[in-house]
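Enquirer: Sharing a structure here in structure tokens format.
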Amino acid sequence: MKEKGIHTDFRDSMTYSEYLHLDQVLSSQKRLSGHHDEMLFIIIHQVNELWMKLILHELETAIELIQQGELPEAFKMLARVSKVQTQIIQAWDVLATLTPAEYMEFRDSLGKASGFQSYQNRLIEFALGYKQPQIIKIYEKDNELSKRLAKAYEAPGIYDVAIQALARAGFDIKADLLTRDFSITYKGDPSVAAAWLEVYRDVDRYWDLYQLAEKLVDIEDSHQQWRFRHMKTVERIIGFKQGTGGSSGVHYLKSVLDHRFFPELWDVRTKI
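Sequential numbering of the sequence shown, starting at 0, is according to numbering that gives the first Met the number 0.
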């Protein structure tokens, strides 16, 4: 059936391709080895980086909104983060179609480049409160990027501003937690645990804080699923070989599975 009103003359109008800069996006997959399966490897990682850019876009604004006391406005962004996370989790299933023999055909082309060096993944970790001082050194080659990472490293993460929201709601939060050194990974505190316990015991009274807590649990749960699928995909493809960037590969990926971003939100489930 012929559609009426379809625009076909774009001599003076912007096209879909121009709006999305598809000429740049679709010309950015440059295989160094020429091997067929390297295209899969490049596209999966580029797509993941685009999704990570959106995660950061949403998280950074959500942090600002929570700081301003606008929790309901932040919930939509946090919900969107969770939906995006399902995309990057499922992406590992596509990469897992790459067999060990196929990967070895082009692995040397990567040199020392590695997903371990993904600065957006680090920025997401910083926004979630996981700070590792040795990580910053990896990015010294790019001065502007180093500044961006250093700023994010020193800034409060989303759980820090959630704790501040507890204090604003009248909970007796330990004072030095509110002005602590945010470059140090948060380990947990009894005053925060007590506050969340009260929130979960009186959901109607503290509905917004309860919703915030559950949105954060959604994000951490999904992030851990992403970490697990990452670890299993790497194990499936290269076993326990060292990573191209010098990491211990699967051993490193397994070690971070035990880390919890929001410890009290998990502990409270046992205490209710």
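No residue lacks a Cβ here, since even glycine has one placed at the ideal position from N, Cα and C.
1. Determine the DSSP secondary structure at THR60, reduced to helix, strand or coil.
2. Using a Cβ-Cβ cut-off of 6 Å (strictly less than) and excluding sequence neighbours within five positions of LEU196, which residues of its own chain qualify?
3. Can you find at least 3 beta carbon pairs, one from the segment 75-89 and one from the segment 219-226, that sit closer than 8 Å?
4. Starting from the Cα of PHE43, find the closest Cα among TYR205, THR178, GLN28 and give me that residue.
5. How would you call ASP141, buried or exposed, if buried means at least 16 neighbouring beta carbons within 10 angstroms?
6. Beta-carbon within less than 7 Å of ILE236's beta-carbon, same chain only, minus the 5 sequence neighbours each way: which residues are those?
7. Could you tell me how far apart the beta carbons of GLY238 and LYS111 are, in whole angstroms, since I believe they sit closer than 8 Å?
8. Are the beta-carbon atoms of PHE65 and GLN210 separated by less than 9 Å?
9. Can you tell me where the alpha helix (DSSP H) with ASP217 in it begins and where it stops?
10. Less than 9 Å between the C-beta atoms of PHE181 and ALA149, yes or no?
11. Under 7 Å Cβ to Cβ from GLY187, same chain only, skipping five residues before and after it: list those, please.
12. For ARG121, does the count of other Cβ atoms within 10 angstroms reach 16, so buried, or fall short, so exposed?
13. Would you call the segment 126-133 and the segment 71-82 touching, i.e. three or more CB-CB distances under 8 Å?
14. Let me know if ILE5 comes out buried or exposed under the rule of 16 or more other beta-carbons within 10 Å of its beta-carbon.
15. According to DSSP, is ASP22 helix, strand or coil?
16. Can you tell which of GLU139, ILE183, SER145, ARG204 has the C-alpha that lies nearest to the C-alpha of GLY169?
17. What did DSSP end up calling ALA192 once you bin it into helix, strand or coil?
18. Would you mind reading off the limits of the alpha helix (DSSP H) that contains LEU165?
19. Could you check where the alpha helix (DSSP H) with LEU148 kicks off and where it finishes?
20. Taking all protein chains shown into account, decide if ASP8 is buried (16 or more other Cβ within 10 angstroms of its Cβ) or exposed.
21. Could you say which of GLU219, VAL249, SER221, VAL216 lies nearest to THR232 if we only look at CA atoms?
22. Specify the secondary structure class of ILE200 as computed by DSSP and reduced to three states.
23. So SER221 packs on PHE105, CB below 8 Å; how close in whole Å?
24. Within 10 angstroms of the Cβ of GLU37, are there 16 or more other Cβ atoms? Answer buried if so, exposed if not.
Expert: Reading from the atomic positions:
1. THR60 falls in the helix class under three-state DSSP.
2. VAL267, LYS270, listed in sequence order.
3. Three or more beta-carbon pairs separated by less than 8 Å link the segment 75-89 to the segment 219-226, which places the two stretches in contact.
4. Reading the sequence as shown, one finds Ile at residue 43 and not Phe. The shortest C-alpha to C-alpha distance from ILE43 to any of TYR205, THR178, GLN28 is the one to GLN28.
5. It is exposed - the Cβ of ASP141 has fewer than 16 other Cβ atoms within 10 Å.
6. The residues LEU97, PRO99, TYR102, in chain order, have a CB closer than 7 Å to that of ILE236 in the same chain once the five nearest residues on each side in sequence are set aside.
7. Contact flag wrong, Cβ pair sits at about 20 Å.
8. Inspection of the sequence shows that residue 65 is occupied by Ile rather than by Phe. No.
9. Counting along the chain, the alpha helix (DSSP H) containing ASP217 begins and ends at 206-237.
10. Taking 9 Å as the Cβ cut-off, PHE181 and ALA149 do not qualify as a contacting pair.
11. The answer, listed in chain order, is PRO262, GLU263.
12. Only buried fits ARG121, as 16 or more other CB atoms lie within 10 angstroms of its CB.
13. No, the segment 126-133 does not touch the segment 71-82.
14. In the assembly as shown, ILE5 is an exposed residue. Its beta-carbon has fewer than 16 other beta-carbons within 10 Å.
15. If DSSP states are grouped into helix, strand and coil, ASP22 belongs with the helices.
16. Residue ARG204 is the option with its Cα nearest to GLY169.
17. ALA192: helix per DSSP, three-state reduction.
18. Counting along the chain, the alpha helix (DSSP H) containing LEU165 begins and ends at 157-167.
19. LEU148 -> alpha helix (DSSP H) spans 142-153.
20. Counting every other CB atom within 10 Å of its CB across the protein chains shown gives ASP8 a total below 16, marking it as exposed.
21. If we check each option's Cα against that of THR232, VAL249 comes out closest.
22. It should be pointed out that residue 200 corresponds to Arg in this sequence rather than to Ile. Note: ARG200 maps to helix in three-state DSSP.
23. SER221 to PHE105, Cβ: 30 Å. No contact.
24. Burial check for GLU37: the Cβ neighbour count within 10 Å reaches 16 or more, so the residue is buried.
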